[in-house]
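In what follows, a single structure is set out as structure tokens and then discussed.
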Amino acid sequence: IHGNALLLIIILGVGGSFQTGYHITGLSSPSPQYIQHFINSSWFDRYGEPPSPETATMIWSLVVSMFAVGGLFGVVSVKFFSGKLGKRAMICNNLISIVGAGVMLTSQNAQSFEMIIVARTLFGFSALGNSLHLMYLGEISPRQIRGTVTLTSATFLSLGKLSGQFFGLEVLGGEDMWNIVLCVPACLSVVQVLVLPFLPEPPRYLFIEKKDDSACKKLQSLWGPGEYKQEMDEMLMEQLASEAASSKSSLQLIRDRTVRWQLITMISIFAFDVFVKAGIPKENVRYVTLGLGLSEIVTSLVSGLLIEHLGRRPLLWGGYGFMSVIWVLVTVTLNLKDTNSWISYLSAALIFLFFVSFCGGPELFTQSNRLAAFALVGLLRWFMFAMQGLIFPFIIFTLFASMSLLGSLYTFFILPETKGKTLLEISAEFKAISVCGKSWLKEEKAETRL
9 IHGNALLLII
19 ILGVGGSFQT
29 GYHITGLSSP
39 SPQYIQHFIN
49 SSWFDRYGEP
59 PSPETATMIW
69 SLVVSMFAVG
79 GLFGVVSVKF
89 FSGKLGKRAM
99 ICNNLISIVG
109 AGVMLTSQNA
119 QSFEMIIVAR
129 TLFGFSALGN
139 SLHLMYLGEI
149 SPRQIRGTVT
159 LTSATFLSLG
169 KLSGQFFGLE
179 VLGGEDMWNI
189 VLCVPACLSV
199 VQVLVLPFLP
209 EPPRYLFIEK
219 KDDSACKKLQ
229 SLWGPGEYKQ
239 EMDEMLMEQL
249 ASEAASSKSS
259 LQLIRDRTVR
269 WQLITMISIF
279 AFDVFVKAGI
289 PKENVRYVTL
299 GLGLSEIVTS
309 LVSGLLIEHL
319 GRRPLLWGGY
329 GFMSVIWVLV
339 TVTLNLKDTN
349 SWISYLSAAL
359 IFLFFVSFCG
369 GPELFTQSNR
379 LAAFALVGLL
389 RWFMFAMQGL
399 IFPFIIFTLF
409 ASMSLLGSLY
419 TFFILPETKG
429 KTLLEISAEF
439 KAISVCGKSW
449 LKEEKAETRL
């Protein structure tokens, strides 16, 4: 990966997944007590008395949760943004992020906690850049290295999380600078807005959506000289399939039995911040989370190197199986944390071993289904993110273990390997899956004959 392709991957990363990762950890990096103190002082200046504990808790809950609410609205919009705008969708998304940063930056001088809530909502909406980023990577990459290229989105997500922790801890972690910490990604948004117009549109988007024959030239400008016959043949076949099957909505995608196996594969669960609950001293938690951010980056880089050699299936079923064991052990250690001091650090070590597994979404769906699939998986992800603060009994990790085990078994016995295959070939393999002697492909052929 070099030249224009490397530049495009970096520009997409800093304006896409990096932003989402930063805002996930950025709010907790400047101590929440700074923002809560600002809320209390703003209320006192306005009404002449401090807010009641219930009111303060409600306002803080809104500050935290509106990021996820904005994210829900963002992923619903991904079909419109990507389907109609192409790479301009990323530019529009970053403009929203810049507006959110402006609102956040001026909230302190305006003594308005409502502006923090508005800014957090805009930041959440702009997190649709995470989906746009992953989709863009899948559409610009040659088949041989598609897995490695798309996995760079996970690397930038991890870099964003680590940066949010680092800037809040070591650089801008003072009480007077908490709003600046939350605006740092806007600088990278400006960079993407300025640079992205000079980089090529996704070849697959041009060829299939816009019927533009310059797709091969775009591939050459990104990856160097070559005929790219495999990629062009793949896009041609997919274009014919897309013309035969109209683009689906998320609801139609759920109802379509031929893609139901792909939908099951998209479900994923993220780790909780359990270090304080595990008994680690509060003054050490921020440094532990920095280590967690580093471990995520290392994991994503290693996965990127392995994915084209081992294939997707071994990484998926092995990862799910490993997570299942981890969550069982986490449940045990969290419930025994009061018996010995070292058990708290064992819990932290187990969380370090947990890694976010690779999701093969962009390689499982054809162009006619891809936008709806990204919207649907985004809804699931942001719904889980919004709900995670409401359910945190330690026993919840046994549910995670069960779902991870089911994911491992499903991947091992049912999920086809996507390495080196076209999107149409992958879709055909899913249709041919037989359970209890029933295959959707056979049923579809029978209906065609009638």
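Numbering (the working numbering), first residue to last: 9 to 458.
Just so it is clear, CB atoms sit at the ideal spot from N, CA and C, and this is done for glycine as well.
- A direct Cα-Cα distance of roughly 37 Å separates Ala13 from Ile124.
- Cβ atoms of Ser25 and Gly168 come within 8 Å of each other, at about 6 Å.
- Across the structure, Asp53 and Gly110 are spaced so that their CA atoms are roughly 23 Å apart.
- In chain order, Gly79, Gly82, Val83, Ser85, Val86, Phe89, Asn101 and Gly386 place their CB closer than 8 Å to the CB of Leu136, counting only its own chain and leaving out the 5 sequence neighbours on each side.
- DSSP places Gly108 inside the alpha helix (DSSP H), whose first and last residues are Arg96 to Ala118.
- Apart from sequence neighbours up to five positions away, the residues of its chain that approach Ile106 with a beta-carbon distance below 6 Å are Ala194 and Ser197, ordered along the chain.
- Our two residues, Met245 and Leu202, have alpha carbons roughly 35 Å apart in a direct line.
- Selection Met112, Thr163, Gln116 and Glu62 evaluated against Thr28 yields Thr163 as nearest (Cα-Cα).
- Residue nearest to Ser166 within the set Val336, Leu337, Tyr30 and Ile334 is Tyr30 (criterion: CA-CA distance).
- Sixteen is the threshold: when 16 or more other Cβ atoms of the shown chains lie within 10 Å of the Cβ of Leu159, as they do, the residue is buried.
- Per DSSP, Ala64 is one residue of the alpha helix (DSSP H) stretching across Pro61 to Val84.
- Taking the Cα positions, Pro211 is about 10 Å away from Leu230.
- In this structure, Ser115 lies near Asn187, with their beta-carbon atoms less than 9 Å apart.
- With contacts defined by Cβ atoms closer than 9 Å, Gly132 and Ala97 do not form a contacting pair.
- When Ser332, Val340, Leu354 and Thr339 are compared, the shortest CA-CA separation from Leu417 is found for Ser332.
- Check the Cα spacing between Leu35 and each of Leu15, Val157, Cys191 and Pro233: the tightest is with Cys191.
- Under the three-state reduction of DSSP output, Gly23 falls in the helix class.
- The Cβ atoms of Gln173 and Val22 lie no closer than 9 Å to each other.
- In the three-state reduction of the DSSP assignment, Thr160 falls in the helix class.
- If you ignore the 5 residues before and after Leu16, its C-beta comes within less than 6 Å of the C-beta of Leu207, all in its own chain and listed in chain order.
- A residue is called buried once 16 or more other Cβ atoms fall within 10 Å of its Cβ, and Met66, having fewer, is exposed.
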